[in-house]
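Here's the structure, in structure tokens; my notes come after.
There are 2 protein chains.
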Amino acid sequence: MHSWVDGQPADSVPLNDRGLAYGDGLFETVAVKGGRPVLLERHLQRLEEGCRRLALAADHHLIRNEIQAYAAALGDGVLKLILTRGDSLRGYGINPGAPVRRVLQGSAPAAYPPGHETVGIRLFPCATRLAEQPLLAGLKHLNRLEQVIARAEWQDAEHAEGLMLDMSGRVIEGVFSNLFLVRDGTLLTADLNRCGVAGVMRAEILARAQALGIPVAVADISLEHLQQADEVFVCNSVYGIWPVRGCAAMSWPVGPLTRKLQGIVRALLDI
Amino acid sequence: MHSWVDGQPADSVPLNDRGLAYGDGLFETVAVKGGRPVLLERHLQRLEEGCRRLALAADHHLIRNEIQAYAAALGDGVLKLILTRGDSLRGYGINPGAPVRRVLQGSAPAAYPPGHETVGIRLFPCATRLAEQPLLAGLKHLNRLEQVIARAEWQDAEHAEGLMLDMSGRVIEGVFSNLFLVRDGTLLTADLNRCGVAGVMRAEILARAQALGIPVAVADISLEHLQQADEVFVCNSVYGIWPVRGCAAMSWPVGPLTRKLQGIVRALLDI
Numbered sequence: 001m002h003s004w005v006d007g008q009p010a011d012s013v014p015l016n017d018r019g020l021a022y023g024d025g026l027f028e029t030v031a032v033k034g035g036r037p038v039l040l041e042r043h044l045q046r047l048e049e050g051c052r053r054l055a056l057a058a059d060h061h062l063i064r065n066e067i068q069a070y071a072a073a074l075g076d077g078v079l080k081l082i083l084t085r086g087d088s089l090r091g092y093g094i095n096p097g098a099p100v101r102r103v104l105q106g107s108a109p110a111a112y113p114p115g116h117e118t119v120g121i122r123l124f125p126c127a128t129r130l131a132e133q134p135l136l137a138g139l140k141h142l143n144r145l146e147q148v149i150a151r152a153e154w155q156d157a158e159h160a161e162g163l164m165l166d167m168s169g170r171v172i173e174g175v176f177s178n179l180f181l182v183r184d185g186t187l188l189t190a191d192l193n194r195c196g197v198a199g200v201m202r203a204e205i206l207a208r209a210q211a212l213g214i215p216v217a218v219a220d221i222s223l224e225h226l227q228q229a230d231e232v233f234v235c236n237s238v239y240g241i242w243p244v245r246g247c248a249a250m251s252w253p254v255g256p257l258t259r260k261l262q263g264i265v266r267a268l269l270d271i
Numbered sequence: 001m002h003s004w005v006d007g008q009p010a011d012s013v014p015l016n017d018r019g020l021a022y023g024d025g026l027f028e029t030v031a032v033k034g035g036r037p038v039l040l041e042r043h044l045q046r047l048e049e050g051c052r053r054l055a056l057a058a059d060h061h062l063i064r065n066e067i068q069a070y071a072a073a074l075g076d077g078v079l080k081l082i083l084t085r086g087d088s089l090r091g092y093g094i095n096p097g098a099p100v101r102r103v104l105q106g107s108a109p110a111a112y113p114p115g116h117e118t119v120g121i122r123l124f125p126c127a128t129r130l131a132e133q134p135l136l137a138g139l140k141h142l143n144r145l146e147q148v149i150a151r152a153e154w155q156d157a158e159h160a161e162g163l164m165l166d167m168s169g170r171v172i173e174g175v176f177s178n179l180f181l182v183r184d185g186t187l188l189t190a191d192l193n194r195c196g197v198a199g200v201m202r203a204e205i206l207a208r209a210q211a212l213g214i215p216v217a218v219a220d221i222s223l224e225h226l227q228q229a230d231e232v233f234v235c236n237s238v239y240g241i242w243p244v245r246g247c248a249a250m251s252w253p254v255g256p257l258t259r260k261l262q263g264i265v266r267a268l269l270d271i
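Top line first, the protein sequences correspond to chains A and B.
Take 1 as the starting number for the first sequence in full-length UniProt numbering and just add one per residue.
Take 1 as the starting number for the second sequence in full-length UniProt numbering and just add one per residue.
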């Protein structure tokens, strides 16, 4: 489907766009099913939070309407929204008069091997560490060189995702996923106040688990915690949940809580 | 002057450009005098180092020729080169077949108040800290949200630059400059192995000072070191050297080594 820039069909952005110059902006990757953007409210909520923290004056009502119109036209697939701080000349200083630029792109539904969801995956243990920057932590911003470098660490098909630690050795997330572990019946995911992307599916899973009365915790996770976990899985808003079977010398079974949450998430993504 | 993309006049980049999507690329800002790119070899050297570290397969011979041709046409002003990892579809994975994209933009000579160079400037003490990421440290890459946030901390004309520390409180650099201090005759600038941009003018000043027999040191700098400095200045490849007269409660005179180096740098930028 043809891309839109500021609501009009377009293929490009001007060279003065601050997204290109500095990665000065945010993005959202949204699953679209039957013309409907899945978990739209959570995507919009994260986007608003990002705009607030980066002082991007976006029209959120307009963005919502555009996403819905674009998704309706796309039907089934993946919608990507990029917001940038519009144009500026040389220098980091912000031109307060420049309107935020809205880019919408559509692509076909993600085509991952079905075994990722059923049998589970292995994580590549990335050497690339996430830098600790509280001002950017949690946001899905356009400064993603760490993820680019980490993703280039493996090419084999044996590893479907990578495991990323922060500079202090805490277990944070995958390269394009959040990570959960289960230990003694508690669902645990990393605190993302120093680094990492606070995924929309992560938020949904935390909320669903709490509603089911499952104990949940958001906390620092060590490699030892990970090793001792009863179950491990990764998630994102496009593929849902993949059980994690192994990473380096560690291994885990696919457990009952992972399967239960997969059922809930599959219903979300398949309706 | 009209911009070039891959050697042709153009105003835009495709929406799939990885510079826009992830800040996946590098840039150089080059002063141009009389059709000549100033400190070209140092700019090319840093760019090559950046390409090596980010695994960007650029044609450096072609880039050199394009910069020279563009500068000759520009005459006097500032040339900006952006290299991106070209196009890709969804996902952080690299498409090894996608050629690196070259963007060249030109603008008028920088117009800073002349007093910045003669009288000196004050630095705004930025609250924004630089995250420590050795994989990216020193590079002039396109992930510059920290600089955007820091530059937005002050709007008044009283502060011409900002002072940035790293997460551990070390003095690193300005928002768009490197920082030097002089103490007991030694010229000192921050070690940039954890964060910061290794500026071309910084490298030139270090080399010139060494050639003159001035003791130089690249080391960690504390706020106490800064406070006790005999002279402080900032530099970049466009404006040269600005003496720093104050930052928060700290103040410094404009010293003789600053004036001596200004003379050398002015000759470079004015020829």
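Virtual Cβ for every residue (Gly too), placed ideally from N, Cα, C.
Can you tell me the Cα-Cα spacing of residue i and residue j, whole angstroms?
{"i": "GLY50/B", "j": "HIS141/B", "result": "8 Å"}
{"i": "THR186/A", "j": "ALA111/A", "result": "31 Å"}
{"i": "LEU212/A", "j": "ILE205/A", "result": "11 Å"}
{"i": "ARG46/B", "j": "ARG194/B", "result": "17 Å"}
{"i": "ILE241/B", "j": "ARG64/A", "result": "48 Å"}
{"i": "VAL38/A", "j": "GLU153/A", "result": "31 Å"}
{"i": "SER177/A", "j": "ALA71/B", "result": "44 Å"}
{"i": "VAL13/A", "j": "SER222/A", "result": "42 Å"}
{"i": "ILE67/A", "j": "LEU81/A", "result": "8 Å"}
{"i": "MET1/A", "j": "ARG90/B", "result": "14 Å"}
{"i": "PHE233/B", "j": "VAL254/B", "result": "9 Å"}
{"i": "ASN236/A", "j": "LEU226/B", "result": "46 Å"}
{"i": "ILE265/A", "j": "MET201/B", "result": "The amino acid occupying residue 265/A in the given sequence is Val; Ile does not appear at that position. The alpha-carbon atoms of VAL265/A and MET201/B are separated by roughly 54 Å."}
{"i": "GLY75/A", "j": "ALA10/A", "result": "20 Å"}
{"i": "GLN228/B", "j": "ARG183/B", "result": "8 Å"}
{"i": "HIS159/B", "j": "ALA157/A", "result": "53 Å"}
{"i": "ALA69/B", "j": "LEU44/B", "result": "15 Å"}
{"i": "GLN8/A", "j": "GLN105/A", "result": "12 Å"}
{"i": "THR118/B", "j": "PRO243/B", "result": "8 Å"}
{"i": "TYR22/A", "j": "GLY93/B", "result": "20 Å"}
{"i": "ALA248/B", "j": "ASP220/B", "result": "21 Å"}
{"i": "LEU261/A", "j": "VAL78/A", "result": "22 Å"}
What are the boundary residues of the alpha helix (DSSP H) that includes residue i?
{"i": "ARG122/B", "result": "First-last for ARG122/B: 121-125, but that is the beta strand (DSSP E), not the alpha helix (DSSP H)."}
{"i": "GLY7/B", "result": "Neither: GLY7/B is in no alpha helix (DSSP H) and is coded neither H nor E."}
{"i": "THR258/A", "result": "256-270"}
{"i": "ALA150/A", "result": "145-151"}
{"i": "LEU40/A", "result": "40-54"}
{"i": "LEU20/A", "result": "18-22"}
{"i": "HIS141/B", "result": "Run containing HIS141/B: none; DSSP gives neither H nor E here."}
{"i": "GLU224/A", "result": "223-227"}
How many whole angstroms separate the CB atoms of residue i and residue j, which I take to be in contact at a CB cut-off of 8 Å?
{"i": "GLY196/A", "j": "GLY120/A", "result": "About 22 Å separates the two Cβ atoms, so there is no contact after all."}
{"i": "VAL103/A", "j": "VAL5/A", "result": "5 Å"}
{"i": "LEU83/A", "j": "ALA58/A", "result": "6 Å"}
{"i": "ARG122/A", "j": "ARG245/A", "result": "6 Å"}
{"i": "VAL216/B", "j": "ALA209/B", "result": "5 Å"}
{"i": "residue 276/B", "j": "LEU20/A", "result": "Absent from the model: residue 276/B. The displayed extent of chain B is 1 to 271, so no value can be given."}
{"i": "GLY86/B", "j": "ARG101/B", "result": "5 Å"}
{"i": "LEU163/B", "j": "PHE124/B", "result": "7 Å"}
{"i": "GLU161/A", "j": "VAL175/A", "result": "6 Å"}
{"i": "GLU231/A", "j": "THR189/A", "result": "At roughly 12 Å, the Cβ-Cβ gap does not stay under 8 Å, so GLU231/A and THR189/A are not in contact."}
For a contact defined as C-beta to C-beta under 9 Å, what are the partners of residue i on chain C?
{"i": "ARG46/B", "result": "The chain inventory of the structure shown lacks chain C, comprising the protein chains A and B."}
Determine the extent of the beta strand (DSSP E) in which residue i is found, giving its start and end residues.
{"i": "PRO99/A", "result": "Where PRO99/A is concerned, there is no enclosing beta strand (DSSP E), given that its DSSP letter is neither H nor E."}
{"i": "ALA73/B", "result": "That residue, ALA73/B, is in no beta strand (DSSP E); its alpha helix (DSSP H) goes 60-74."}
{"i": "PRO243/B", "result": "240-247"}
{"i": "GLY77/A", "result": "77-84"}
{"i": "LEU165/A", "result": "159-165"}
{"i": "THR118/A", "result": "Unbroken run through THR118/A is the alpha helix (DSSP H), 115-118; no beta strand (DSSP E)."}
{"i": "LEU26/B", "result": "25-33"}
{"i": "ALA219/B", "result": "216-219"}
{"i": "GLU231/A", "result": "231-236"}
{"i": "SER12/A", "result": "12-14"}
Practice item. With 7 Å as the C-beta to C-beta threshold (strictly closer), list the residues of the stretch 174-199 of chain A near chain B in chain order. Key: VAL175, PHE176
**Study point:** Under 8 Å (Cβ pairs) to chain B, residues found in the stretch 143-158 of chain A
**Key:** ASN143, ARG144, LEU145, GLU146, GLN147, VAL148, ILE149, ALA150, ARG151, ALA152
**Study point:** Secondary structure, beta strand (DSSP E): runs of 3+ residues fully inside the stretch 174-204 of chain B
**Key:** 178-183, 186-190
Review point. What residues from the stretch 60-81 of chain B come within 8 Å of chain A, judged by C-beta to C-beta, listed N to C?
Key: VAL78, LYS80
Practice item. Quick one: which residues of the stretch 81-106 of chain A get their C-beta closer than 8 Å to a C-beta of chain B? List them in chain order. Key: ILE82, THR84, ARG85, LEU89, ARG90, GLY91, TYR92, GLY93, ILE94, VAL103, GLN105
Check your understanding: Taking Cβ-Cβ distances below 9 Å as the criterion, which residues of the stretch 8-28 of chain A are in contact with chain B?
Key -> ALA10, ASP11, SER12, VAL13, PRO14, LEU15, ASN16, ASP17, ARG18, GLY19, LEU20, ALA21, TYR22, GLY23, ASP24, GLY25, PHE27
**Study point:** Residues in the stretch 222-246 of chain B having any Cβ partner in chain A nearer than 9 Å
**Key:** VAL238
Review point. Using Cβ-Cβ distances below 7 Å, what residues of the stretch 126-140 of chain B are close to chain A?
Key: THR128, ALA131, GLU132, GLN133, LEU135, LEU136
Point to revise | Contact residues within the stretch 159-174 of chain A, judged by C-beta distance below 7 Å to chain B | key: MET167
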